Every structure is written in C-alpha cells, then in structure tokens.
Amino acid sequence: MFSFPNKPKLVGVRPEARAADYPEPEQNESGPFLGKWAVLNYYVPDNLMHPDDAERYLEGKVEGERLFQCTSEDVSWATVTNDQGVSVRVNPHRVLWVPQPEYKLGQDVKTTNGTIRTGKIASRVWHFKEKRFTYYIEIDGKNNQKVIHKRRYWANDLTSTRS
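At position 150 of the sequence shown (counting the first as 1) the number is 150 in the numbering used here, and the numbers step up by one without a gap.
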C-alpha cells in the first residue's frame, strides 16, 4: 500500500486519537459496493483515499455532506459521491460503510418528542461513537425565513410527514 507524503499533520493530536477519529472498519466488507453508503471525515488516514483525491479533499474544497454513496467501483477503488456531486475514490476495504440513512435530504419530517416541530431534513451526520445517524432539520424561523434548528435528532425522534 501507499502513504501520503505531504499529508497535513494534526498538531497536538496523539496517533491513537487520530485513529479513533476515523477508526478501522470492524469487518472487511465485500462487494459489490455499488449503492452502499460510506462516511468520510476531515481526517484521511493512509490507504483510505486515492492520493489525487485525498489532496483535493484535504484542501477543504469538498462541499456538502461527509456522507457518500458508491456510484461505481473497479478492482482497487470505489467511487463515492456526496449530495453536492463531489466524487472521490476510496479503498473499499478501508472506508467505513454505514447503513442507508433512514431519511433523505429535503424529506418532510415531524419531531416526535419535546416541542413538536415540522420541517425538512437539512443534513445527516454519522455519529461515530453511537454508530448511527443524527439529523438536523430546517424549520420556519422569524419572518418565515428558513433556519436549521440547532438540536440534533436521532431517527427515532422523527417521523415522515409524507405517506
């Protein structure tokens, strides 16, 4: 395998903390990978991403979610794409494959606990420790402007308002 010679160093972060930030997969997934979901983070460990894509990714030019869906695969790499159309090649045996999110971006939802709110799914974030998604919703704010509510919701805190 290869490593990235110019990979930025995370100052003051112990190696074990970096590894915990993007852990090794618990099991080695086997293909086909097409249609599966993967999560990436700001830290790109060795052997995770194609060097050309890693450089672009680490420069911070990636917009949109850190949740990607596999759109193509070959012998060595799986191409994954996020909600903004950003594509990168990843090692399919090193990336963290996650279950399909319960809700789609823009889907109409209602909260089921606390103050009842209705809105649309604004973002989906993988919770590494809990190993499940959190969701942020866009709601009506003052003067009918849309705002992203600051509370995160688990899937069981939401219900779809469309049938």
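Where is the CB? At the ideal position from N, CA and C, for every residue including glycine.
Computed from a predicted structure; not experimentally measured.
| Item | Value |
| --- | --- |
| CB contact flag (Y103, A122, <8 Å) | no |
| Euclidean distance between Cα positions of P5 and Q107 | Any reading at P5 must be qualified, since the residue scores a pLDDT of 40, below 50, and its modelled position is unreliable; the value itself is stated next. Approximately 42 Å, taken between the alpha carbons. |
| When S160, K150, C70 are compared against G85, the one with the closest alpha-carbon | C70 |
| Euclidean distance between Cα positions of G35 and R117 | 31 Å |
| Distance CB(P101)-CB(W154) smaller than 8 Å | no |
| 6 Å Cβ shell around V125 - same chain, five flanking residues per side excluded | T134 |
| For D157, the three-state DSSP class (helix, strand or coil) | helix |
| N47 versus R94 - alpha carbon distance | 7 Å |
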